[in-house]
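>
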């Protein structure tokens, strides 16, 4: 089984634009779906893409302007 890595940009711009909420959603999603063994959730330093934030990387693929609704869709596709 492949382990996925989700990096949440913790730069001040992304964090203020919604990555604090996105991080909480991801933690809940991982716990509720018992995905601890399959997903490594980490914080990342500023990805210098502030104007398109909040930014999240899933397996080194950048996703921008992320909100909870977009995250649900992305996770259902990226973690298959």
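Numbering (the numbering used here), first residue to last: -7 to 72.
Backbone N, C-alpha and C fix where the C-beta goes; we use that ideal spot for every residue, glycine too.
#1: Output yes or no for whether 7 Å exceeds the beta carbon distance between residue -2 and residue 33.
#2: In the DSSP assignment, what residue or residues form a beta bridge with residue 35?
#3: Do you know whose CA, among 69, 25, 42, 22, lies nearest residue 8's CA?
#4: To the nearest angstrom, report how far apart residue 2 and residue 60 are at their CA atoms.
#5: I need the boundaries of the beta strand (DSSP E) containing residue 54, first residue and last residue.
Let's see:
#1: Yes.
#2: Bridge partners of residue 35 according to DSSP: 0.
#3: Measuring from the Cα of residue 8, the nearest candidate turns out to be 42.
#4: When rounded, the distance between both Cα atoms is 16 Å.
#5: Going by DSSP, residue 54 is part of the beta strand (DSSP E) stretching over 53 to 55.
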